[in-house]
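**Student:** Just passing along the structure, written as structure tokens.
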Amino acid sequence: MTSDDRGVLEAARAIRPYLTDWFTKKDAAALDQQIATVLAAAEPADPAPVAGELRALLHRHPLTGRFLRDVLADAPRYRPPDQQPRYQRTPRPGTLGDPGPVAADRYVCPHGDYTWYRPDLSTPIPSCPTHQAALTRS
Numbered sequence: 002m003t004s005d006d007r008g009v010l011e012a013a014r015a016i017r018p019y020l021t022d023w024f025t026k027k028d029a030a031a032l033d034q035q036i037a038t039v040l041a042a043a044e045p046a047d048p049a050p051v052a053g054e055l056r057a058l059l060h061r062h063p064l065t066g067r068f069l070r071d072v073l074a075d076a077p078r079y080r081p082p083d084q085q086p087r088y089q090r091t092p093r094p095g096t097l098g099d100p101g102p103v104a105a106d107r108y109v110c111p112h113g114d115y116t117w118y119r120p121d122l123s124t125p126i127p128s129c130p131t132h133q134a135a136l137t138r139s
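Here it is in structure tokens:
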């Protein structure tokens, strides 16, 4: 598996929580289902075919294509754009201590098809929308 393939798989897992922000509920559900179906077919030994299919699927829409490009640009961490330091605001100089952004906790589905980043401690951890399984911190 190339690092680029790994990045595409990570982007596909991480984009799923954002779809309802960008598309109608119906369109978001349809795209989410397509992504989940393709991810379920991923073979750990050879993810390249699935990565190619996911890349084509994400490039169909400008917003998802941009998300994919931004995630791939964050190699080797492959975080969503809003979790990358270049997209986060930092306090103005003069603050004591390290003023840099704090990394969000990452949660994944045990079946490997969903990734969610906790925006703050008050946000409850959701279940995987595909399997209704509890997400685990990774």
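For the sequence shown, counting from 1, position 58 maps to 59 in my numbering; every step adds exactly one. Note that CB positions come from ideal geometry on N, CA and C, so glycine has one too.
(1) Could you check the C-alpha separation between Gln-35 and Asp-28 for me, to the nearest Å?
(2) Would you report the Cα separation of Ala-46 and Asp-33, rounded to the nearest angstrom?
(3) Residues in its own chain within less than 8 Å of Leu-55 by CB, not counting five upstream and five downstream?
(4) Can you tell me where the alpha helix (DSSP H) with Asp-71 in it begins and where it stops?
(5) Measure the beta-carbon distance from Cys-110 to Leu-136 and round it to whole angstroms, keeping in mind my assumption that it falls under 8 Å.
(6) Pick helix, strand or coil for Asp-121, following the three-state DSSP scheme.
(7) Hey, Ser-139 and Arg-107: beta-carbon distance below 8 Å or not?
(8) With Asp-106 as the anchor, note down where its beta strand (DSSP E) starts and where it stops.
(9) Could you tell me the distance, in whole angstroms, from the CA atom of Pro-130 to the CA atom of Arg-7?
(10) Would you list the one or two residues that DSSP bridges to Ser-128?
(11) Suppose you measure from the CA of Ile-16 to the CA of Leu-64; what does that come to, to the nearest Å?
**Tutor:** Taking the coordinates as given:
(1) If you number the sequence shown from 1, residue 35 lands on position 34. If you number the sequence shown from 1, residue 28 lands on position 27. Taking the Cα positions, Gln-35 is about 11 Å away from Asp-28.
(2) As a first step, residue 46 must be located in the sequence shown, where it is residue number 45. As a first step, residue 33 must be located in the sequence shown, where it is residue number 32. Approximately 24 Å, taken between the alpha carbons.
(3) Numbered from its first residue, the sequence shown carries residue 55 at position 54. If we look at Leu-55 and ignore the five residues flanking it on each side, its Cβ neighbours are Val-9, Leu-10, Ala-12, Ala-13, Ile-36, Val-39 and Leu-40.
(4) Taking the first residue of the sequence shown as position 1, residue 71 is located at position 70. For Asp-71, the enclosing alpha helix (DSSP H) begins and ends at 63-74.
(5) By one-based count along the sequence shown, residue 110 stands at place 109. By one-based count along the sequence shown, residue 136 stands at place 135. Contact between Cys-110 and Leu-136 is confirmed by a C-beta separation of about 6 Å, below the 8 Å threshold.
(6) For the purposes of this step, residue 121 is identified with residue 120 of the sequence shown, where counting begins at 1. Three-state DSSP puts Asp-121 in coil, outside helix and strand.
(7) Counted from its first residue, the sequence shown places residue 139 at position 138. Counted from its first residue, the sequence shown places residue 107 at position 106. Yes, the Cβ-Cβ distance between Ser-139 and Arg-107 is below 8 Å.
(8) Residue 106 sits at position 105 when you count from the first residue of the sequence shown. Looking at the DSSP string, the run of the beta strand (DSSP E) that includes Asp-106 is 106-109.
(9) For the purposes of this step, residue 130 is identified with residue 129 of the sequence shown, where counting begins at 1. For the purposes of this step, residue 7 is identified with residue 6 of the sequence shown, where counting begins at 1. Annotation: Pro-130 to Arg-7 spans about 22 Å, alpha carbon to alpha carbon.
(10) As a working mapping, residue 128 is identified with position 127 in the sequence shown. DSSP, once it has assigned bridges, lists Ala-135 as partnering Ser-128.
(11) Locating residue 16 in the sequence shown gives position 15, where the first residue counts as 1. Locating residue 64 in the sequence shown gives position 63, where the first residue counts as 1. Spanning the two alpha carbons is a distance of roughly 10 Å.
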